[in-house]
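A.B. asks:
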Amino acid sequence: MAVETATTPKFDRSAARKVARETRRNEAQAQKRLTSPVATVIAILIAFLWTIPTLGLLITSFRPGADSATTGWWTVFTGPDFTLDNYQEALTSGGTALTLGQSFLNSLAITIPVTVFVISIAALGAYAFAWMDFKGRGFLFVAIFALQIVPIQMALVPLLSLFSRGLEIAGVGIFPGLELREIDHSFATMWIAHVMFGLPLSIFLLHNFMAEIPSDVIEAARVDGAGHGQIFFRIILPLSMPILASFAIFEFVWVWNDLLVATIFAPTSSLPMTQTLNSLSGSWGDRWYLVSAGAFLVLVVPMIVFLALQRFFVRGLMAGATKG
Amino acid sequence: MSHTATTPTQQTQQPPSHPPTKQPSQTTTRVVVAVGAILIVALVIFILVGGPQPDAKPVSLGFSFNSFFRWIGEMGPIVQIPLVLVIFAAVVGLLLLLIEYAPRHGTGYFWLRLVTSFAIPLLAFMMLRPYQNAVVYVVIIALITGGLLFYADHRARQGAGYLYQLTLFLAPALIMLLVGLIYPAISTIVQSFYDKTGDNFVGMDNYVWAFTNPQGFWSIINTLIWAVFVPIFATVVGLAYAAFMERARGERLLKVLVFMPFAIAPVSISLIWKFVYDYRQGDQIGLLNAIVVAFGGQPVRWLDTWPLVNTFCLLIAFVWAQTGFAMVILSAAIKAVPVEQLEAAQLDGTTAWQRFINVTVPGIRTSIVVVLTTITIAALKLYDIVAVMTGGRSNSTVLGFEMVNQQQRFQSYGHAAALAVLIFVFVAPLIVYNVIQLRKQREVR
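Protein chains in written order, with our numbering: chain A, 3 to 326; chain B, 196 to 640.
Shown next, in the form of C-alpha cells:
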C-alpha cells in the first residue's frame with residue numbers, strides 16, 4: 003500500500019484527494035437525510051423500548067427467587083445478586099408432565115427432520131415448476147401460492163381426524179388411522195403436519211430462486227446427456243444453496259417457535275418446548291424466576307441460529323417479502 | 196418407439212395400436228384417461244354401496260406407515276433424528292434415480308417404467324392398510340392409476356418418460372398439499388354448517404352464533420382491531436427506525452436489537468410481556484405498574500381491563516415482535532432508492548422530511564404494501580400470544596385463538612369450524628391481492 007502511493011505521480015494524488023474530499027462531503031450531506039436531534043432521540047427510544055422487556059426477563063432469570071418475587075428486576079442495578087439455580091430448577095421440574103429438559107430433545111426431534119423434509123419435497127416440486135414444461139404450469143403454481151389463504155386453524159380438525167380415524171367416506175372406512183397413542187415418542191403426526199403447512203411458501207420461494215438460474219447452464223448439461231434427475235441433483239441443488247440455507251433457517255425457527263400445531267397434534271409424551279413451557283408456566287404461576295428461566299431456555303436455540311446465520315435469515319425473509 | 200402396443204387395465208383402450216405416425220393422438224389419450232378416472236370414481240362408489248362394516252380389519256403387506264411410525268416412535272427422540280433422515284434420504288435418492296433412469300430409451304427402461312408405474316401406487320395404498328371390505332377396490336384403483344399414468348406418459352407429446360418424471364417431481368408435494376390443506380379446508384367449510392357433533396345440518400346457525408355469542412362476537416371485533424392496528428404500528432415504527440438508522444453509526448447492531456424479537460418464540464414473547472404487565476398489591480415487579488406507581492398512580496390490571504386496554508396490551512406484544520420484520524424489509528428497500536433522485540430533490544432545496552415523504556416513501560411503496568399485507572395476515576391468524584397471555588379471558592379473545600378454544604375445551608366442532616372459516620374469509624382478500632400482484636410480476640417477466 004505504502005509503496006504504491008509512493009510511486010503514484012503527485013498530481014494524480016492531489017486530484018484523488020480532491021475527489022475523495024468531495025465524496026466525503028457529498029456523503030456527509032446525504033447522511034443528513036433524516037438525522038436531526040429529534041430523529042436520533044426517537045431512534046434511541048425505539049431501540050431502548052425494544053430491548054427493555056427482554057432484558058428484564060433475562061435479569062430476572064438470574065436472580066434468586068426470593069428477590070424477584072418481591073422487588074422489580076431493575077433493583078438489581080443497586081444490589082446485584084445472581085444465581086444459576088433457576089435454570090437448574092426450570093429444566094428439571096415438571097411434576098407428572100414432561101420437564102423442559104426432556105421436551106428440549108423433542109423439539110430437536112421435531113424441528114430438524116421437518117426442516118429437511120420440507121426443503122427436499124419443496125425443492126423437487128420447485129424444480130418441476132421452474133424447469134419443466136407442462137400444461138397448466140402457471141395456474142398450478144399460482145394455486146399453490148394461493149394456498150396460503152388457508153389458515154392453519156382451518157386444517158387442524160380435519161387433519162387430526164384423518165390421522166386418528168383414517169379415511170372414512172359417508173361412514174364407510176377405507177383406510178384406518180395411525181395407532182400411535184401408546185407409543186413413547188411419536189413425532190410422526192407433527193412431522194407430517196408441519197411439512198404440509200410449510201410447503202406452499204417453500205415451493206414458492208425455492209421456485210423463484212431456481213427460475214433465475216441461467217438456462218445456459220442447464221442446456222449445457224442436457225447436451226452432455228444429463229437427465230432431469232442429474233440436472234436437479236448436480237446442478238440446480240448446489241446452485242440453490244443460498245436459498246436452501248436461508249429457507250432452512252427460516253423453517254427451523256418457525257417450527258421451533260410453533261405452539262399451535264404442537265397444541266393440536268403432539269402426543270403428551272412428545273410435546274416440544276413451547277407447549278411444555280406454556281403448560282408449566284401455568285403451574286409455576288407467580289414464580290417468575292422459573293417462568294423467566296424457562297422462557298429463555300426456549301428462545302435460546304432459535305436465537306443462536308438467528309444470530310449466527312443472521313445474513314441468511316434476512317435473505318430468506320427478503321425473498322419471501324419481495325417475491326423474488 | 197412404436198413397438199410397444201401397451202394394453203393397460205381398461206378394455207376401452209383398443210384404438211390405433213400401431214399408430215403410423217410418431218405422434219399418438221392426444222384426443223384418444225384424453226378420452227382413455229377420462230374413462231379411467233370415471234372408473235376410479237365408480238369403484239369408490241362401489242365401496243360405499245357395501246355400507247359400513249364396523250368389524251372390518253385393516254389389511255397390510257406386513258409393513259405399513261403405521262408399523263414404521265410405531266417402530267421409530269419406540270426409540271429415543273435423539274436416535275430418531277438420524278434414523279428418519281437416513282430413511283428419508285434413501286427414499287428421495289430412489290426417487291431421483293427413477294427420475295434419471297426411467298425416461299431413457301430402451302426395452303429395459305420401458306419395463307422399468309411399466310413396473311414402477313403399477314408398483315408405486317399399489318405400494319403406497321397398501322402401506323395405508325385398507326380395510327378388508329375395501330382392499331380389492333383399493334388394489335384395482337391403484338392399478339388403474341398406475342396404468343393410466345403409464346399410458347398417458349407413453350403417449351405424451353414430449354415423448355415417453357416425460358410425464359413420468361414430472362409426476363415423480365411433483366407428486367410428493369401435491370399429495371401433501373391435497374391431503375393437508377385442500378381437503379381439510381373443504382371439510383372445515385362443510386363442517387361449519389353442522390352442529391357440535393357434526394351429524395346434524397344446522398345451516399347458518401354456527402355463523403349466527405359467532406356474531407351473537409359474546410365469545411364469538413368479541414373474537415371477531417378484536418381480530419379486526421388486531422388486523423388494523425398491528426400492521427400500522429409495526430410498519431410506522433419499523434419505517435421510522437429504518438429511516439433514522441440509515442447510515443447511522445452502529446447501524447447493524449442497533450438493527451439487530453430491534454430485529455431480534457422476530458426470532459423469539461411467541462410463547463417466550465408472551466411471558467416477556469406478561470412480566471411487563473404484571474399486577475400485584477404492594478411492591479410492583481412489572482415494569483409498567485412500577486412506572487405508574489412511581490408517578491403516584493394506582494397499579495392497573497392491564498390484562499383484565501376491558502374494553503380495549505387489554506386488547507391493546509396484547510397487541511403491542513405482537514407489534515414488538517413484528518416491527519423487526521418491517522424494519523428489515525423497509526431498510527433494504529430504502530437502500531435501493533436511487534441516490535440521484537434524492538440528490539435532485541436536494542438541489543431543489545427540499546428539506547429532509549419532504550424528501551423522505553416525496554421521494555423515499557413513493558420509492559418503497561411496493562415494499563410497504565408487502566409488509567402491511569404480510570403482517571395483517573399474521574395478525575389475522577394469530578393464536579399464541581392470546582393463548583399464553585390471557586387465555587382469552589376478559590373478552591380479549593381473537594378468532595385464531597377462539598377457534599382452538601372451542602375445539603379443545605368445548606369440543607364444539609361446528610363453532611370452531613365457523614370461526615376458522617371466518618379467518619379464511621378475512622385472509623382471502625389479502626391473498627387474492629397478492630396473487631394479482633404475482634401474476635402481474637410474472638407477466639412482466
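Every residue gets a Cβ at the ideal spot worked out from N, C-alpha and C, and that includes glycine.
As the structure is a prediction and not an experimental result, all values here were calculated from the model.
Considering only residues of the same chain and omitting the five flanking positions on each side of A/E91, which have a CB-CB separation below 7 Å?
C.D. replies: Closer than 7 Å at the Cβ level, and outside the excluded window around A/E91, lie L292.
A.B. asks: Should A/S294 be flagged as near chain B, meaning a C-beta pair shorter than 8 Å?
C.D. replies: Judged by the 8 Å Cβ criterion, A/S294 is in contact with chain B.
A.B. asks: With 16 as the cutoff for other CB atoms within 10 Å, does B/G492 come out buried or exposed?
C.D. replies: Its Cβ having fewer than 16 others within 10 Å, B/G492 is exposed.
A.B. asks: State buried or exposed for B/V622, treating a residue as buried only when at least 16 other CB atoms are found within 10 Å of its CB.
C.D. replies: So B/V622 ends up on the buried side.
A.B. asks: With burial defined as no fewer than 16 other Cβ atoms inside 10 Å of the residue's Cβ, what is the status of B/G519: buried or exposed?
C.D. replies: It is buried - the Cβ of B/G519 has at least 16 other Cβ atoms within 10 Å.
A.B. asks: Kindly indicate if chain B contains any beta-carbon less than 8 Å away from that of A/H209.
C.D. replies: No - not a single Cβ of chain B is within 8 Å of the one on A/H209.
A.B. asks: If we count Cβ pairs, one from each stretch, closer than 8 Å, do we get three or more for the segment 388 to 406 of chain B versus the segment 332 to 343 of chain B?
C.D. replies: As far as the Cβ criterion goes, the segment 388 to 406 of chain B does not touch the segment 332 to 343 of chain B, which means the pair count is below three.
A.B. asks: Tell me, please, whether the CB atom of B/Q602 is closer than 8 Å to any CB atom in chain A?
C.D. replies: So yes, B/Q602 belongs to the interface.
A.B. asks: Taking the alpha-carbon of B/P557 as reference, which of B/P219, B/A531 and B/A574 has the nearest alpha-carbon?
C.D. replies: When only C-alpha atoms are compared, the closest one is B/A531.
A.B. asks: Entirely within the segment 429 to 476 of chain B and at least 4 residues each: give me those alpha helix (DSSP H) ranges in chain order.
C.D. replies: Runs of the alpha helix (DSSP H) inside the segment 429 to 476 of chain B: 446 to 454 and 461 to 471.
A.B. asks: Note down, in chain order, every chain B residue with its Cβ under 9 Å from the Cβ of A/E91.
C.D. replies: Result: empty, since nearest Cβ-Cβ is about 16 Å, beyond 9 Å.
A.B. asks: Any beta carbon of chain B sitting closer than 8 Å to that of A/D83?
C.D. replies: No, no contact with chain B.
A.B. asks: For B/A429, would you say it is in contact with chain A, using Cβ-to-Cβ distances shorter than 8 Å as the test?
C.D. replies: So, not an interface residue.
A.B. asks: Could you confirm whether any beta carbon from chain A is found closer than 8 Å to the beta carbon of B/D348?
C.D. replies: So no, B/D348 is outside the interface.
A.B. asks: May I ask you to list, following chain order, the residues of the segment 385 to 419 of chain B that have a beta carbon less than 8 Å from some beta carbon of chain A?
C.D. replies: Residues passing the 8 Å Cβ filter: Q386.
A.B. asks: Counting only Cβ pairs nearer than 8 Å, list the residues of chain B close to A/F249.
C.D. replies: Within 8 Å Cβ-Cβ: nothing; A/F249 doesn't reach chain B, min ~14 Å.
A.B. asks: Taking the DSSP output, what are the residues bridged to B/P253?
C.D. replies: Per DSSP, B/Y326.
A.B. asks: By how many angstroms is the C-alpha of A/S70 removed from the C-alpha of A/N88?
C.D. replies: Cα-Cα distance, rounded: 11 Å.
A.B. asks: Is the separation between the beta-carbon of B/K723 and that of B/I618 shorter than 8 Å?
C.D. replies: What the structure shows of chain B is the stretch from 196 to 640, and residue 723 of chain B is not part of that stretch, so it cannot be assessed.
A.B. asks: In chain A, what lies closer than 8 Å to B/T383 by C-beta?
C.D. replies: By Cβ distance, chain A contributes M156, A157, V159 and P160.
A.B. asks: Under 8 Å between the Cβ atoms of B/I580 and B/I464?
C.D. replies: Yes, the Cβ-Cβ distance between B/I580 and B/I464 is below 8 Å.
A.B. asks: Please name the residue or residues paired with A/G175 in a DSSP beta bridge.
C.D. replies: A/G175 pairs with A/E170.
A.B. asks: The segment 100 to 124 of chain A: which residues have C-beta closer than 8 Å to a C-beta of chain B, in chain order?
C.D. replies: Those residues of the segment 100 to 124 of chain A that come within reach of chain B (Cβ to Cβ, closer than 8 Å) are L107, N108, L110, A111, I114, P115, V118, F119, S122, I123 and A124.
A.B. asks: Considering only DSSP beta bridges, list what B/F396 is partnered with.
C.D. replies: B/Y389.
A.B. asks: Using the C-alpha atoms, what's the distance from B/F364 back to B/R447?
C.D. replies: The alpha-carbon atoms of B/R447 and B/F364 are separated by roughly 41 Å.
A.B. asks: Taking 8 Å as the threshold (beta carbon to beta carbon), is A/D218 in contact with chain B?
C.D. replies: Taking Cβ atoms only, chain B never reaches closer than 8 Å to A/D218, which makes this a no.
A.B. asks: Beta-carbon separation of A/M134 and A/H230 under 8 Å?
C.D. replies: Yes, the Cβ-Cβ distance between A/M134 and A/H230 is below 8 Å.
A.B. asks: Here's the rule I'm using: 16 or more other beta-carbon atoms within 10 Å means buried, otherwise exposed. How should B/W515 be labelled?
C.D. replies: The residue is buried, with at least 16 neighbouring Cβ atoms inside 10 Å.
A.B. asks: Along the alpha helix (DSSP H) that carries A/E181, what are the first and last residues, could you check?
C.D. replies: Here A/E181 belongs to no alpha helix (DSSP H), and DSSP marks it neither H nor E.
A.B. asks: Whose CA, out of A/I54, A/W52, A/L47 and A/P82, lies closest to the CA of A/F64?
C.D. replies: The shortest Cα separation from A/F64 among A/I54, A/W52, A/L47 and A/P82 belongs to A/P82.
A.B. asks: If we ignore side chains and look at the alpha-carbon of each, how far apart do B/D499 and B/T418 end up?
C.D. replies: In a straight line, the C-alpha of B/D499 is about 17 Å away from that of B/T418.
A.B. asks: By DSSP, does B/R604 sit in helix, in strand, or in coil?
C.D. replies: B/R604 falls in the coil class under three-state DSSP.
A.B. asks: So, with DSSP's three-state summary, where would you put B/H300?
C.D. replies: Reduced to three states, the DSSP call for B/H300 is coil.
A.B. asks: Hey, B/D400 and A/T73 are a contact pair by Cβ (cut 8 Å); roughly how many whole angstroms apart?
C.D. replies: With a Cβ gap of about 53 Å, B/D400 and A/T73 do not count as contacting.
A.B. asks: If you compare alpha carbons, which of A/L279, A/H196, A/I44 and A/A297 is closest to A/F119?
C.D. replies: Measuring from the Cα of A/F119, the nearest candidate turns out to be A/H196.
A.B. asks: Starting from A/W133, trace the alpha helix (DSSP H) both ways and give me its first and last residue.
C.D. replies: Element bounds for A/W133: L102 to W133.
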